[in-house]
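One structure is given below, encoded as C-alpha cells.
2 protein chains.
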Amino acid sequence: MTLQPYILFALSVALMLLLMPKLLPLLKKMKFGQTIYNLGPQAHQKKQGTPNMGGILIGGITVIVTVLAGVYMAVKGQVDYPFFSLKNPLFALLVCAVGSMAIGFADDFIKDVKKRHDGLSPIQKLLGQLVVGAVFSVYCYYFVGSDVILPFTGKTWDMGIFYVPVMTVLVMFMTNSANLQDGVDGILSTVTACGMVAFGLIATLMGGNEIVAACCFALCGACVGFLRFNAHPARIFMGDTGSMFIGGVMVAVAMLTKTEFLLLLICFTCVMSSVSVMLQTTYFKITKKRYGQGRRIFKMSPIHHHFELCGMKEVQVVAMYFAVTLVLSAVAVLSVIKFF
Amino acid sequence: MTLQPYILFALSVALMLLLMPKLLPLLKKMKFGQTIYNLGPQAHQKKQGTPNMGGILIGGITVIVTVLAGVYMAVKGQVDYPFFSLKNPLFALLVCAVGSMAIGFADDFIKDVKKRHDGLSPIQKLLGQLVVGAVFSVYCYYFVGSDVILPFTGKTWDMGIFYVPVMTVLVMFMTNSANLQDGVDGILSTVTACGMVAFGLIATLMGGNEIVAACCFALCGACVGFLRFNAHPARIFMGDTGSMFIGGVMVAVAMLTKTEFLLLLICFTCVMSSVSVMLQTTYFKITKKRYGQGRRIFKMSPIHHHFELCGMKEVQVVAMYFAVTLVLSAVAVLSVIKFF
Numbered sequence: 001m002t003l004q005p006y007i008l009f010a011l012s013v014a015l016m017l018l019l020m021p022k023l024l025p026l027l028k029k030m031k032f033g034q035t036i037y038n039l040g041p042q043a044h045q046k047k048q049g050t051p052n053m054g055g056i057l058i059g060g061i062t063v064i065v066t067v068l069a070g071v072y073m074a075v076k077g078q079v080d081y082p083f084f085s086l087k088n089p090l091f092a093l094l095v096c097a098v099g100s101m102a103i104g105f106a107d108d109f110i111k112d113v114k115k116r117h118d119g120l121s122p123i124q125k126l127l128g129q130l131v132v133g134a135v136f137s138v139y140c141y142y143f144v145g146s147d148v149i150l151p152f153t154g155k156t157w158d159m160g161i162f163y164v165p166v167m168t169v170l171v172m173f174m175t176n177s178a179n180l181q182d183g184v185d186g187i188l189s190t191v192t193a194c195g196m197v198a199f200g201l202i203a204t205l206m207g208g209n210e211i212v213a214a215c216c217f218a219l220c221g222a223c224v225g226f227l228r229f230n231a232h233p234a235r236i237f238m239g240d241t242g243s244m245f246i247g248g249v250m251v252a253v254a255m256l257t258k259t260e261f262l263l264l265l266i267c268f269t270c271v272m273s274s275v276s277v278m279l280q281t282t283y284f285k286i287t288k289k290r291y292g293q294g295r296r297i298f299k300m301s302p303i304h305h306h307f308e309l310c311g312m313k314e315v316q317v318v319a320m321y322f323a324v325t326l327v328l329s330a331v332a333v334l335s336v337i338k339f340f
Numbered sequence: 001m002t003l004q005p006y007i008l009f010a011l012s013v014a015l016m017l018l019l020m021p022k023l024l025p026l027l028k029k030m031k032f033g034q035t036i037y038n039l040g041p042q043a044h045q046k047k048q049g050t051p052n053m054g055g056i057l058i059g060g061i062t063v064i065v066t067v068l069a070g071v072y073m074a075v076k077g078q079v080d081y082p083f084f085s086l087k088n089p090l091f092a093l094l095v096c097a098v099g100s101m102a103i104g105f106a107d108d109f110i111k112d113v114k115k116r117h118d119g120l121s122p123i124q125k126l127l128g129q130l131v132v133g134a135v136f137s138v139y140c141y142y143f144v145g146s147d148v149i150l151p152f153t154g155k156t157w158d159m160g161i162f163y164v165p166v167m168t169v170l171v172m173f174m175t176n177s178a179n180l181q182d183g184v185d186g187i188l189s190t191v192t193a194c195g196m197v198a199f200g201l202i203a204t205l206m207g208g209n210e211i212v213a214a215c216c217f218a219l220c221g222a223c224v225g226f227l228r229f230n231a232h233p234a235r236i237f238m239g240d241t242g243s244m245f246i247g248g249v250m251v252a253v254a255m256l257t258k259t260e261f262l263l264l265l266i267c268f269t270c271v272m273s274s275v276s277v278m279l280q281t282t283y284f285k286i287t288k289k290r291y292g293q294g295r296r297i298f299k300m301s302p303i304h305h306h307f308e309l310c311g312m313k314e315v316q317v318v319a320m321y322f323a324v325t326l327v328l329s330a331v332a333v334l335s336v337i338k339f340f
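Chains as they are written, first to last, in the numbering used here: chain Y, 1 to 340; chain Z, 1 to 340.
Okay, here's the thing in C-alpha cells:
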C-alpha cells in the first residue's frame, strides 16, 4: 500500500472522533472547565464551564500519526537517513511542537486543575518558548540552512548567524499568535486545517520534505475531527495546550521548508491577532501617558473580538477568517511552483 | 526570471481586464445579444440583450499565454522534446480546446449574427465533437498511453484499444457538460477557476506536465478576469464559444495527465449538469409512454435551474457549486501525492 495524505488525514479524523467522546466526560468530571477570560465579550460569559484542554488529543493524535508515517517511510527505506538520526526532521519537529504544547499544558493545568486563575506568568511562558525556539532554531541553522525563501522572486536570502535569534523570536511570536487567535468557537481549528493543507502541498511540491508534509496532513485531520466538537456552539476548547501545539507545528513546518515568509501569508489571521493586541496595548499606553486616559484602536483585541462587538456572529467571523486563509494559502502554494 | 504560475495567472487577468472593455461595446454594437433560452426560468427573461461570445477572449487569452509559456520552456531548453514535435503536448491540447471552441463559435455565430435561433443542429455539434474527440484520443493513445490512474488505489488501469472510443465519448460528454452548466451568471467561470488551480497542482505534482499546468493557470486567470464582467448581474456571457473551450481544456488536461477519474471529481458540478438533463428527459419520455403525460424529476434541468426555482438566488447557487468544487478539488489534489 502506498502512503498517501488521505490515509493520514482519515486516520487522524477517525482517531479524534473515536477518542474525544471518551475524553469529554472525563474532562468534564475532573472539572477542567475553563475560567472564561473576564475581559472577553459579554456574550462569551455563558461559555463558563465548557471543558478545556481538548488540545491534548489534537497534539497526541498528530504526534502518533506523524511518528507512524515516519516509521513507515524509514521501513520502506525511501528516506536517505536512518530513522534515529539528527538528520531526520521528525524529532526536531516534535521538539518544537511538543515543547510548545508542554508550556500550554502547564498553563492550562495550573488554571483549571490547580484553580489558580493566573496560570503561568508571562515571563515563565516566554522563557519556556525562548528555550524551545532557541533549540529548534539552532537545529535548523545546522541541518536545514540559514537561508530563507523570498517568495515571488525565485531567490533565497541567507541570514547567516542572525538566523538563530530571528527564528527564535519567530517561534515565540507564532506560538503566542496561535494562542491569541484561539478565542472564537472553531476559529483556530478551521484556519489550521486550511493552512496545513497548504503547507502539506508546499512541502510535497518542494520535495524531500515527506515527514513535514505527513505531519501537516495529520494535524489537518486532527483539526477537522476536532471541529465536530469545537464548532459553534463549542462543547470543548483546545486550550493553550492545543493552540500552542498548533503554533509550534506551524512555525516548525515553515522553518523546515525555509518558507518563513509564506508562513506570514498562510497564517496571516494568526499574525493579525498578535499584531492587533500589540497595536492596541501600545496605543493605549501612549495615549494614557499623553492624555491621562488610555484610548483604543479596536473595540477589543485580539481583533476577532472587535469584529464580534461590531455585530458579527461567531460563525461569520470564522467564515471570514477561513476565506482569507483560503485565498492566501492558494497564493502561497502557487508561489512555490517553478516551471524553470 | 523563473516562470511561475502567478506570472501566467496575472498575465491572463491583466489581458482580460485590458481587452474586455474594448470588446464589450463592439459585441453590443454588433448586436451579438443572446436570445435567452425560452425554456429557462422566468427571471432570466430580463437577460435578453446581454452580449454573448465573451468566450472569444477566454479562449484567445488562454491560448496566447499558454503558447508563450510553451515557447519560454522550449527556449530555456528544459523540456526533453523540440518545440515543433508531436511529443509537445501543447499542440494536442490546442487541437482539443480550440477545436471544441470552434464548434461553439459556429453555434453562437449562427444564433447571434445570422439570427437563426436554432444554431447548429445537435447532429452537427456532435459530429464536430466526435472528430475533435477522436483525433485527440488517438493522439493520447500513442503519446500518453492507454492507462488511466485509479485514484486512492495507487494503481493504473490499462484500457488497451478501448481507450480511444471511451475517451472520444468523454471529450464529447465534457464539452457538452460545460456548455450545459453555463446557465447562471458566473457559475462556469467560478467553477473553472477553482478546478484549473486543482489541475495545475495535479500536473505539477505529477511532474513532466509543465505545459499542461501552464495552460491550467492561464485559463484560471482568464476566468477570474472574466468574472469581473460575468459575475451577477452579468454584463456579458461567454456563450458556447467559451463553455465549449473550457470543456475542451478540462478534458484535455485530464487526459494528458491520465487523471480522467479525477476529472469526474473536480468537474462534478459539470457532470451533474449533464446527468440531470439526461435523467430528466429519459424519465419524461418513459412516463409519457406509460401514463400518456410526461413527468419530471427536477422542476427544470440542468439542475442549477431546479435550485433557482426552489428559491435560491443566482449567487447562492454559484456559491454552493463553488464550495462543492473546492472540497472535491482538494480531495483530488491530495489523492495525487504519494509519500512512497
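Don't be surprised by glycine CBs; every beta carbon is placed ideally from N, CA and C.
If you're wondering where the values come from, they're calculated on a predicted model, not measured in any experiment.
*So which residues of chain Z does Tyr6 (chain Y) contact, with C-beta pairs closer than 8 Å?*
For the purposes of this step, residue 6 (chain Y) is identified with residue 6 of the first sequence, where counting begins at 1. Per Cβ cutoff of 8 Å: Phe152, Val331, Leu334, Ser335.
*Report buried or exposed for Ala193 (chain Y), applying the criterion of at least 16 other Cβ atoms within 10 angstroms of its Cβ.*
Counting from 1 along the first sequence, the entry for residue 193 (chain Y) is found at position 193. Counting Cβ neighbours within 10 Å, Ala193 (chain Y) comes out buried, since at least 16 surround it.
*Just the C-alpha distance for Ala234 (chain Z) and Asn52 (chain Y), rounded to the nearest angstrom, thanks.*
One-based indexing of the second sequence puts residue 234 (chain Z) at position 234. One-based indexing of the first sequence puts residue 52 (chain Y) at position 52. Distance between the alpha carbons of Ala234 (chain Z) and Asn52 (chain Y): 49 Å.
*Using three-state DSSP, classify Leu150 (chain Y) as helix, strand or coil.*
As a position in the first sequence, residue 150 (chain Y) is number 150, starting the count at 1. Correct three-state label for Leu150 (chain Y): strand.
*Which word fits Cys215 (chain Z), buried or exposed, when buried means at least 16 other C-beta atoms lie within 10 angstroms of its C-beta?*
Here the question's residue 215 (chain Z) lines up with position 215 in the second sequence. Buried.
*Please report the residue range of the alpha helix (DSSP H) in which Asp158 (chain Y) lies.*
Here residue 158 (chain Y) is taken as the residue at index 158 of the first sequence, counted from 1. No alpha helix (DSSP H) contains Asp158 (chain Y), which is instead part of the beta strand (DSSP E) from 155-158.
_Taking its Cβ as the centre, do 16 or more other Cβ atoms sit within 10 Å of Pro5 (chain Y), making it buried, or is it exposed?_
As a position in the first sequence, residue 5 (chain Y) is number 5, starting the count at 1. Answer is buried; the Cβ neighbour count reaches 16.
*Would you give the residue range spanned by the alpha helix (DSSP H) that Ser100 (chain Y) belongs to?*
Taking the first sequence and counting its residues from 1, one reaches residue 100 (chain Y) at position 100. Counting along the chain, the alpha helix (DSSP H) containing Ser100 (chain Y) begins and ends at 89-112.
*On the three-pair Cβ rule with 8 Å, is the segment 172-189 of chain Y touching the segment 20-30 of chain Z?*
no
*Are the beta-carbon atoms of Val277 (chain Y) and Ser301 (chain Y) separated by less than 8 Å?*
Within the first sequence, residue 277 (chain Y) is the residue found at index 277, counting from 1. Within the first sequence, residue 301 (chain Y) is the residue found at index 301, counting from 1. Yes, they are a contact pair.
*Kindly confirm or deny that the segment 264-272 of chain Z and the segment 194-203 of chain Z touch, where touching means at least three C-beta pairs closer than 8 Å.*
yes
*asked:* I'd like to know whether the C-beta atoms of Ala218 (chain Z) and Ser12 (chain Z) end up nearer to each other than 8 Å.
replied: On the second sequence, position 218 is the one that residue 218 (chain Z) refers to. On the second sequence, position 12 is the one that residue 12 (chain Z) refers to. Yes, they are a contact pair.
*Examine chain Y for any beta-carbon lying closer than 8 Å to the beta-carbon of Leu94 (chain Z), and answer yes or no.*
Counting from one through the second sequence, the residue named residue 94 (chain Z) turns up at place 94. Answer no: the Cβ-Cβ gap between Leu94 (chain Z) and chain Y never drops below 8 Å.
*If you measure beta-carbon to beta-carbon, which residues of the segment 45-72 of chain Z are closer than 9 Å to chain Y?*
Ala69, Tyr72
*chain Z contact residues for Gln316 (chain Y), given Cβ-Cβ distances below 9 Å*: If you number the first sequence from 1, residue 316 (chain Y) lands on position 316. Ordered by position in chain Z, no residue passes the 9 Å Cβ test against Gln316 (chain Y), which lies about 15 Å from the chain.
*the segment 86-112 of chain Z: which residues have C-beta closer than 9 Å to a C-beta of chain Y, in chain order?*
none
*Show which residues of chain Z have a CB atom less than 8 Å away from the CB atom of Phe322 (chain Y).*
Counting from one through the first sequence, the residue named residue 322 (chain Y) turns up at place 322. Per Cβ cutoff of 8 Å: no residues; Phe322 (chain Y) is ~11 Å from chain Z at best.
*Where does Pro233 (chain Z) sit, in a helix, a strand or coil, going by DSSP?*
Start at 1 with the first residue of the second sequence, and residue 233 (chain Z) comes out as number 233. Three-state DSSP puts Pro233 (chain Z) in coil, outside helix and strand.
*Unbroken alpha helix (DSSP H) run spanning Pro21 (chain Z), endpoints*: Position 21 of the second sequence, counted from the first residue, corresponds to residue 21 (chain Z). Counting along the chain, the alpha helix (DSSP H) containing Pro21 (chain Z) begins and ends at 5-29.
*Quick one: grab the DSSP three-state call for Pro302 (chain Z).*
The sequence position of residue 302 (chain Z) within the second sequence is 302, counting from 1. Coil at Pro302 (chain Z), not helix or strand.
*Can you check whether the CB of Ser273 (chain Y) is closer than 8 Å to the CB of Gln129 (chain Y)?*
Translated into positions along the first sequence, residue 129 (chain Y) becomes position 129. Translated into positions along the first sequence, residue 273 (chain Y) becomes position 273. No, they are not a contact pair.
*Counting only the same chain and skipping the five closest in sequence on each side, list residues whose C-beta sits under 6 Å from that of Ser137 (chain Y).*
Residue numbering aside, residue 137 (chain Y) sits at position 137 when the first sequence is read from its first letter. Within the same chain, Ser137 (chain Y) has close Cβ partners Val164, Met167, Thr168.
*Selection of the segment 193-217 of chain Y by Cβ proximity to chain Z, strictly under 9 Å*: Val197, Gly200, Leu201, Thr204, Leu205, Glu210, Ile211, Ala213, Ala214, Phe217
_Whole-angstrom C-beta distance between Ile61 (chain Z) and Ala222 (chain Z), which should lie under 8 Å_ = Here residue 222 (chain Z) is taken as the residue at index 222 of the second sequence, counted from 1. Here residue 61 (chain Z) is taken as the residue at index 61 of the second sequence, counted from 1. With 8 Å as the limit, Ala222 (chain Z) and Ile61 (chain Z) qualify as a contact, their Cβ atoms being about 5 Å apart.
*Buried or exposed: which applies to Pro122 (chain Z), given that a residue is buried once 16 or more other Cβ atoms fall within 10 Å of its Cβ?*
Residue numbering aside, residue 122 (chain Z) sits at position 122 when the second sequence is read from its first letter. It counts as exposed.
*Taking 8 Å as the CB-CB cut-off, is Thr2 (chain Y) touching chain Z?*
Taking the first residue of the first sequence as 1, we reach residue 2 (chain Y) at position 2. Interface residue, yes.
_Rounding to the nearest angstrom, what Cα-Cα distance links Val336 (chain Z) and Thr259 (chain Z) in this structure?_
For the purposes of this step, residue 336 (chain Z) is taken as the residue at position 336 of the second sequence. For the purposes of this step, residue 259 (chain Z) is taken as the residue at position 259 of the second sequence. Roughly 9 Å separates the two Cα atoms.
_Span separating the alpha-carbon of Leu3 (chain Z) from that of Thr153 (chain Z)_ = Start at 1 with the first residue of the second sequence, and residue 3 (chain Z) comes out as number 3. Start at 1 with the first residue of the second sequence, and residue 153 (chain Z) comes out as number 153. The alpha-carbon atoms of Leu3 (chain Z) and Thr153 (chain Z) are separated by roughly 33 Å.
*So Phe268 (chain Y) is in the alpha helix (DSSP H); what residue range does that whole segment cover?*
Within the first sequence, residue 268 (chain Y) is the residue found at index 268, counting from 1. First-last of the alpha helix (DSSP H) with Phe268 (chain Y): 268-291.
*So which of Z:Ser100, Z:Tyr72, Z:His305, Z:Ile58 has the shortest CA-CA distance to Ile211 (chain Z)?*
Here the question's residue 211 (chain Z) lines up with position 211 in the second sequence. It is Z:Tyr72 whose Cα lies nearest to the Cα of Ile211 (chain Z).
*Smallest Cα separation from Gly195 (chain Y): which of Y:Leu90, Y:His306, Y:Tyr321?*
Counting from one through the first sequence, the residue named residue 195 (chain Y) turns up at place 195. Among Y:Leu90, Y:His306, Y:Tyr321, the Cα nearest to that of Gly195 (chain Y) belongs to Y:Tyr321.
_Contacts of Lys76 (chain Y) in chain Z (Cβ-Cβ under 8 Å)_ = Here residue 76 (chain Y) refers to the residue found at position 76 of the first sequence. Phe340, listed in chain order.
_Spatial distance of Arg116 (chain Z) from Gly239 (chain Z) (CA atoms)_ = The count along the second sequence starts at 1 and reaches residue 116 (chain Z) at position 116. The count along the second sequence starts at 1 and reaches residue 239 (chain Z) at position 239. Cα to Cα, Arg116 (chain Z) sits roughly 15 Å from Gly239 (chain Z).
_Terminal residues of the alpha helix (DSSP H) in which Ala43 (chain Y) lies_ = Position 43 of the first sequence, counted from the first residue, corresponds to residue 43 (chain Y). Element bounds for Ala43 (chain Y): n/a, residue is neither H nor E.
*Who does Pro82 (chain Y) pair with in a DSSP beta bridge?*
Counted from its first residue, the first sequence places residue 82 (chain Y) at position 82. According to DSSP, Pro82 (chain Y) bridges with nothing at all.
_Comparing C-alpha positions only, which one of Z:Asp112, Z:Ser329, Z:Gly55, Z:Leu126 sits nearest to Val98 (chain Z)?_
For the purposes of this step, residue 98 (chain Z) is taken as the residue at position 98 of the second sequence. Closest option to Val98 (chain Z), Cα to Cα, is Z:Gly55.
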